[in-house]
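The structure appears right after this line, and notes come after that.
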Amino acid sequence: MEIRGFRPFMYSGKVKNFWSPPFDTISPEDERKLKTNEYNITHITLPHGPGSINASAQTFRTWVKHDILTQSDRECIVLLRQKFTRNGKPRERYGIIALARVYPDDGSIKPHELTFEGPRKNREEVMRGLGLIPEPIFLISPGDAFMNATIASSRKARKVYAFRQPEDVENIIYLIENDEDIKLLSDSVKGKIAIVADGHHRLAAIKEIAATDHGGWEYAMAYIASSEDPALFISGIHRIVKANITADSFLKSLKALFDIQEAGSFDPEKGISIYINEKLYTISPKHDLLVEHTEYIHDPGLFVKKTILEKIIGLDAKQIETGIVYSHDLDYAVNMVNERKAGLVILMPDWDKKVFTEVVSAGHLLSQKSTYFYPKPPSGIAIYRP
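Going by the numbering used here, the sequence shown opens with residue 7, and the numbers climb by one from there.
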């Protein structure tokens, strides 16, 4: 992977609540709330309707004119330090925002999910119309060389500001302006691969623009974290089944293929669980099922689709498309069942980061809605104008 510094447009400190979660994680209700602030980044990242992209481009120019956004006067790399609590323990993660060469594709940046034409085309229209990359894609660098370089370069970094987004994550922003440290970071990933965590459709869109426009689009603005960082978490995404399910009949069919045990609480480190009829069960596939479905380890989402959704519940492709709700939020998923808005929820475990890295590095693409990376880099920290 090739990375370099750039001259980002960044928040100047003149207004409050400029940031947002990544655009594709924002619900319509949250978008409405965020946009009540006339200076929130969603006015650029989430245009809607005829003429809205041009309006968003004008908003960006206005913010620059009035110094809401200012451009760095020299090339730098942005350092993001995130402090949060996970499983009752304080955590801290370092990552950087830099430019990563993505075109022409040399195979060094590995996707882990398939993309769809609609979302890719939407992001292409937005970024092409804005003339901007308004938020970073999220990359993971395997191995510890990058993590060591990031920690070393942080010692001379200049603190700019701090904010909370979401409320339980403190984000502290620094600039790495020392040429030696920028080279240290660049050298730490040279000749190595990176894995796309989030932003598959944005990455595909940037490549599409680069194929025709060039002029800086060969690089994507990317947030990069180390796979070795203990504060990088890869959760599963829970499958909420909206159909009415008869608990006794379902559990009987489940027991034919799985060993099941009632549990008091969900442990994301102990495999797949089922929540139905206000009871939680841990499940473990029997030997014959594992022999038939080897994807259990390398693609648990596909395994659940084939065995539980299709084989046991009997859903077809259309029913799966329209009848499954996906959420990383455990409380939300459980409440859907408790409030009788869903028949059951399949609770997906955390990923073993080593397994995930090995699977994706080998070129395997996972099924949709397989991973949730936490914490995510907020939008609004940096904007890149190719």
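Just so it is clear, CB atoms sit at the ideal spot from N, CA and C, and this is done for glycine as well. Quick caveat, the model's predicted, so the values are computed rather than measured.
Can you check whether the C-beta of Asp185 is within less than 9 Å of a C-beta belonging to chain D?
The structure shown contains no chain D; it holds only a single protein chain.
With a Cβ-Cβ cutoff of 9 Å, do Glu37 and Thr48 count as a contact?
Their beta carbons are under 9 Å apart, which means Glu37 touches Thr48 by this criterion.
Taking the C-alpha atoms as reference points, what is the distance between Ile50 and Lys196?
Each residue's alpha carbon lies about 33 Å from the other.
Which term fits Thr328, buried or exposed, when burial requires 16 or more other beta carbons within 10 angstroms of its beta carbon?
Exposed is the call here.
Closer than 8 Å is the cut-off here; do at least three beta carbon pairs connect the region 223-239 with the region 250-270?
Short answer: they don't touch.
Between the Cα of Gly101 and the Cα atoms of Ala262, Leu181 and Glu316, which residue gives the shortest distance?
Between Gly101 and the set Ala262, Leu181 and Glu316, the nearest pair of CA atoms involves Leu181.
My output table needs one value for Pro291: the three-state DSSP class, helix, strand or coil.
Pro291: strand per DSSP, three-state reduction.
Leu238 and Phe379: beta carbons closer than 9 Å?
With contacts defined by Cβ atoms closer than 9 Å, Leu238 and Phe379 form a contacting pair.
Within the continuous beta strand (DSSP E) that includes Ser279, where are the two ends?
For Ser279, the enclosing beta strand (DSSP E) starts and ends at Ser279 to Ile282.
What separation, rounded to the nearest whole angstrom, lies between the Cα atoms of Ser18 and Leu75?
Taking the straight line from one Cα to the other gives about 5 Å.
Run through DSSP, which three-state label would Tyr302 get?
Correct three-state label for Tyr302: helix.
Determine the extent of the beta strand (DSSP E) in which Val247 is found, giving its start and end residues.
Residues His244 to Val247.
Please determine, among Asp204, Gln325 and Lys317, the residue with the shortest C-alpha to C-alpha distance to Pro27.
Residue Asp204 holds the alpha-carbon nearest to the alpha-carbon of Pro27 among Asp204, Gln325 and Lys317.
Identify, in the order they occur along the chain, each residue of the same chain with its Cβ nearer than 6 Å to the Cβ of Ala155, setting aside the five sequence neighbours on each side.
Same-chain partners within the cutoff: Leu190, Leu191 and Ser194.
Quick one: grab the DSSP three-state call for Asp254.
Residue state for Asp254 is assigned as helix, using DSSP reduced to three classes.
Tell me whether Met227 sits in a helix, a strand or coil according to DSSP, three-state version.
Strand, per DSSP.
Beta carbon of Ile74: closer than 8 Å to some heavy atom of the ligand PLP?
This structure lacks the ligand PLP, and indeed carries no ligand of any kind.
Which residues in the same chain have their Cβ closer than 7 Å to the Cβ of Glu141, if we skip the five residues on either side of it in sequence?
Contacts found: Pro28, Phe29, Thr51 and Ser385.
Buried or exposed for Ile246, going by 16 or more other Cβ atoms inside 10 Å?
By the neighbour-count rule (16 or more Cβ atoms within 10 Å), Ile246 is buried.
Should the region 321-338 be called in touch with the region 282-297, which here means at least 3 C-beta pairs below 8 Å?
Touching, no, given that fewer than three Cβ pairs across the two stretches are closer than 8 Å.
Measuring CA to CA, which of Thr313, Thr300, Ile9 and Val366 is closest to Ile103?
Residue Ile9 is the option with its Cα nearest to Ile103.
Hey, out of Glu284, Gln64, Thr42 and Met7, whose CA is closest to Val340's CA?
Ranked by how close their Cα comes to the Cα of Val340, the residues Glu284, Gln64, Thr42 and Met7 have Glu284 in first place.
Verify whether the separation of the beta carbon atoms of Met342 and Gly307 is less than 9 Å.
One thing to note: Met342 has its Cβ no nearer than 9 Å to the Cβ of Gly307.
Starting from the Cα of Lys95, find the closest Cα among Glu119, Asp174, Lys41 and Pro56 and give me that residue.
Selected option, being the one with the closest Cα: Asp174.
Would you call Phe122 buried or exposed, if buried means 16 or more other Cβ atoms sit within 10 Å of its Cβ?
Classification for Phe122: exposed.
Near Ile251, which residues of its chain fall below 8 Å by C-beta distance, leaving aside the five closest residues on each side in sequence?
Its chain contains Ile282, Ile319, Gly349 and Leu350 as the residues whose beta carbon lies nearer than 8 Å to that of Ile251, once the 5 sequence neighbours on both sides are disregarded; these appear in chain order.
Taking the alpha-carbon of Arg161 as reference, which of Leu86, Glu131, Asn93 and Tyr302 has the nearest alpha-carbon?
Restricting attention to Leu86, Glu131, Asn93 and Tyr302, the CA atom closest to the CA of Arg161 is found in Leu86.
Euclidean distance between Cα positions of Leu105 and Asp273:
The alpha-carbon of Leu105 is positioned some 38 Å away from that of Asp273.
Whose C-beta lies closer than 6 Å to the C-beta of Ala249 among residues of the same chain, with five residues either side of it excluded?
Gly329 and Gly349.
With a Cβ-Cβ cutoff of 9 Å, do Tyr390 and Tyr225 count as a contact?
Cβ atoms of Tyr390 and Tyr225: closer than 9 Å.
Quick check on Thr377: does DSSP put it in helix, strand or coil?
Correct three-state label for Thr377: coil.
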